[in-house]
Ligand SMILES: [Zn+2]
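Numbering (our numbering), first residue to last: 118 to 642.
Right, here's the structure in full:
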């Protein structure tokens with residue numbers, strides 16, 4: 118992290134970092150001092166980014182898999198960098214780590230009998246979710262037909278399922294015209310079938326207050342059961358999730374054989390009704406505790422310290438698979454080292470008496486590859502600063518490469534996603550700052566809500582956006598090395614990384630220093 122001020126700004130290829138078009142000579146006449154951010158932006162250099170990334174994406178870090186040794190090395194490395202550049206932690210006591218408690222679910226097996234007849238794990242039922250130990254004997258299961266609860270159609274009308282186990286079946290009914298009842302068209306919906314119907318019906322049961330869901334879906338059962346059985350036999354533990362303080366609703370999937378044993382008319386009848394079938398259910402779920410951490414660093418605003426700009430990137434990657442290290446240099450080593458350089462630039466400004474007026478949180482989140490876990494922990498469980506005081510989130514995930522789908526020579530670009538979704542002002546600022554300082558081609562190809570890639574929902578900014586915090590997601594697109602062991606530091610285009618990091622810096626600078634906080638004029642959808 119050594120710097121030589123004499124060498125700054127020599128290797129500039131693009132717009133970012135060349136002298137500002139703003140006129141410095143007139144600034145002395147203004148009451149308020151106008152500070153040119155360019156000299157600080159110029160401290161973000163490809164050489165320093167490269168030096169850090171060759172360490173951060175090295176084999177020593179073992180692909181930074183959440184909760185494992187490589188991820189621990191990564192957070193220690195980041196802490197060391199922040200201490201070296203003198204950027205403090207908001208947590209105090211030299212503690213740069215926000216703990217993110219996770220658990221790794223084991224594959225649970227259940228003992229279940231229906232009216233005294235036992236049914237077998239993996240042949241008739243699988244446990245999709247449960248927490249801890251469950252021992253139940255019930256004779257008031259509530260049958261809720263298809264288990265749909267939509268605005269224009271509900272299987273929960275007129276029936277109370279609070280604290281009850283509910284039984285639902287797969288599918289979505291059609292009306293007389295052959296249209297699905299919730300869409301009113303031939304188009305299938307999130308209730309109709311497949312994985313999405315499973316989570317939709319689970320959420321509906323949970324929202325209605327059920328303590329458990331038994332879901333009959335013969336097709337999904339045939340697909341899931343062998344997989345669960347193999348995992349159980351191999352003693353492989355399942356997915357990582359955020360450790361929640363509330364017990365999770367129990368969820369079982371069953372086949373049609375067992376469904377008919379619980380309710381003989383399940384296939385032809387879909388009216389909600391309370392069944393007098395007696396079921397004994399015993400599930401023991403083993404979950405291994407896994408501790409992981411987000412890294413947080415902070416520069417306090419000089420005028421509006423309670424208004425926070427969050428700059429984020431995920432610190433984790435995919436670890437080691439089949440003996441191969443997934444170094445994740447672009448994903449998201451590039452965003453990670455960019456943030457450290459941005460922090461250093463703000464710190465140099467602060468030391469020169471030009472610190473940001475609003476506060477800036479540098480947030481490195483864990484568990485992104487496991488389902489945006491670290492950012493969700495931050496926003497949903499433990500925001501270090503209240504979300505209502507959070508002005509914007511600039512999230513960086515992959516800014517060191519070029520998308521092979523782009524025309525040759527058109528490499529000075531970045532995909533922006535989300536900038537106009539919640540705050541028109543944010544979008545305008547982003548555009549203005551770019552044309553004033555950077556001249557990167559801002560490409561909105563993936564900004565369309567109907568884009569099949571759904572990138573707006575797929576990186577950590579999502580957890581801020583869903584809370585109506587305006588976001589910009591900076592992204593270079595995928596490439597052949599995406600999520601492969603070949604995503605290595607030697608393939609990064611450091612001039613592009615430098616330029617894009619400077620763009621994020623300039624945007625953050627403007628958000629932090631403009632007189633009014635940006636306004637939110639739309640809501641999340
Ligand atoms: Zn990523």
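The beta-carbon is built from N, C-alpha and C at its ideal position, and this holds for glycine as well.
So with Cβ pairs under 9 Å, would you call residue 451 a contact of chain C? You won't find chain C in this structure, because it holds only one protein chain.
Taking the C-alpha atoms as reference points, what is the distance between residue 260 and residue 368? Going by the C-alpha atoms only, they are around 15 Å apart.
Under the rule that 16 or more other beta-carbon atoms within 10 Å means buried, what is residue 142, buried or exposed? In this predicted model, residue 142 has a pLDDT of only 44, less than 50, meaning its place in the structure is not dependable; the value taken from the coordinates is given anyway. Counting every other CB atom within 10 Å of its CB across the protein chains shown gives residue 142 a total below 16, marking it as exposed.
If you run the structure through DSSP and keep just helix, strand and coil, what is residue 154? Looking at residue 154 - three-state DSSP - the assignment turns out to be coil, as it is neither helix nor strand.
With a threshold of 8 Å, establish whether the CB of residue 431 neighbours any heavy atom of ligand 1. Yes, since a heavy atom of ligand 1 falls inside the 8 Å radius drawn around the Cβ of residue 431.
Determine the contact status of residue 475 and residue 227, defining contact as a CB-CB distance below 9 Å. No Cβ-Cβ contact shorter than 9 Å links residue 475 with residue 227.
If the criterion is Cβ atoms closer than 9 Å, does the pair residue 327 and residue 626 meet it? The criterion of a C-beta distance shorter than 9 Å is not satisfied by residue 327 and residue 626.
Ligand 2 heavy atoms versus the CB of residue 520: any closer than 8 Å? Only ligand 1 can be found as ligands here, which leaves ligand 2 out of the picture.
Environment of residue 486 [buried if 16+ CB atoms lie within 10 Å]: Buried: at least 16 other Cβ atoms inside 10 Å.
Could you check what DSSP says for residue 303 in three-state terms: helix, strand or coil? Reduced to three states, the DSSP call for residue 303 is coil.
Excluding sequence positions up to five away, which residues of its chain have a Cβ less than 7 Å from the Cβ of residue 306? Excluding the 5 residues flanking it on each side, residue 306 has same chain C-beta neighbours closer than 7 Å at 289, 297, 299 and 300, in chain order.
Option nearest residue 335 by Cα separation, candidates 181, 315 and 186: Out of 181, 315 and 186, 315 has the C-alpha closest to the C-alpha of residue 335.
Backbone CA spacing between residue 578 and residue 385 [nearest angstrom]: Separation of residue 578 and residue 385 (C-alpha to C-alpha, rounded to the nearest whole angstrom) is 45 Å.
By the DSSP assignment, the beta strand (DSSP E) with residue 530 in it spans what residues? DSSP places residue 530 inside the beta strand (DSSP E), whose first and last residues are 530 to 534.
Is it buried or exposed for residue 169, if we count other Cβ within 10 angstroms and need 16 for buried? The residue in question, residue 169, is buried, as its Cβ has 16 or more Cβ neighbours within 10 Å.
Is residue 459 helix, strand or coil by DSSP? Three-state result, residue 459: helix.
Bridge-paired residues (DSSP) for residue 391: For residue 391, which the question treats as bridged, DSSP gives the partners 259.
Is the region 411 to 419 close to the region 382 to 400, with three or more CB pairs under 8 Å? The count of Cβ pairs closer than 8 Å, one atom from the region 411 to 419 and one from the region 382 to 400, stays below three, leaving the stretches out of contact.
Taking DSSP's pairing of strands, which residues face residue 368 in a bridge? DSSP output for residue 368 lists 246 and 330 as bridge partner(s).
Return yes when the C-beta of residue 368 is under 8 Å from any heavy atom of ligand 1, and no when it is not. No, the Cβ of residue 368 stays beyond 8 Å of every heavy atom of ligand 1.
Are the CB atoms of residue 378 and residue 236 within a distance shorter than 9 Å? In this structure, residue 378 lies closer than 9 Å to residue 236 by Cβ.
Under the assumption that residue 214 contacts residue 412 (Cβ atoms under 8 Å), give the Cβ distance between them as a whole number of angstroms. Rounded to the nearest angstrom, the Cβ distance from residue 214 to residue 412 is 6 Å, consistent with a contact under 8 Å.
Reduced DSSP category for residue 418 - H, G, I as helix; E, B as strand; rest coil: Looking at residue 418 - three-state DSSP - the assignment turns out to be coil, as it is neither helix nor strand.
With a threshold of 7 Å on Cβ separation, who are the neighbours of residue 186 within its own chain once the five nearest residues in sequence on each side are excluded? Within its own chain, the residues whose Cβ lies closer than 7 Å to the Cβ of residue 186, once the five positions on either side in sequence are excluded, are 179, listed in chain order.
Roughly how many whole angstroms lie between the Cα atoms of residue 540 and residue 193? Roughly 36 Å separates the two Cα atoms.
With a 10 Å radius around its C-beta and 16 neighbouring C-beta atoms as the bar for buried, classify residue 91 as buried or exposed. One cannot answer for residue 91 here, as it falls past the ends of the chain, which runs 118 to 642.
Suppose contacts are defined by Cβ-Cβ distances below 9 Å. Is residue 517 in contact with residue 593 by that definition? In this structure, the beta-carbon distance from residue 517 to residue 593 falls below 9 Å.
Identity of the residue in 274, 275 and 264 nearest residue 285 by Cα: Here the closest residue by C-alpha is 264.
Please list, following the chain, all residues that have a C-beta closer than 5 Å to any non-hydrogen atom of ligand 1. Listed along the chain, these residues meet the criterion: 448, 449 and 514.
Rounded to whole angstroms, what's the CA-CA distance from residue 634 to residue 427? Just pull it up for me. Taking the Cα positions, residue 634 is about 14 Å away from residue 427.
Do residue 356 and residue 221 come within 9 Å of each other at the CB atom, strictly closer than that value? In contact: residue 221 and residue 356 (Cβ atoms closer than 9 Å).
Which residues DSSP lists as bridging residue 291, in chain order: According to DSSP, residue 291 shares a beta bridge with 297.
CA nearest to the CA of residue 409, picked from 189, 253, 553 and 548: Taking the Cα of residue 409 as reference, the smallest distance to any Cα among 189, 253, 553 and 548 is reached at 189.
Take residue 406 as the anchor and find which of 184, 154, 161 and 641 has the nearest alpha-carbon. For residue 406, the nearest C-alpha among the options comes from 184.
State the Cα-Cα distance for the pair residue 504 and residue 225, rounded to the nearest angstrom. Straight-line spacing of the CA atoms in residue 504 and residue 225 works out to 36 Å.
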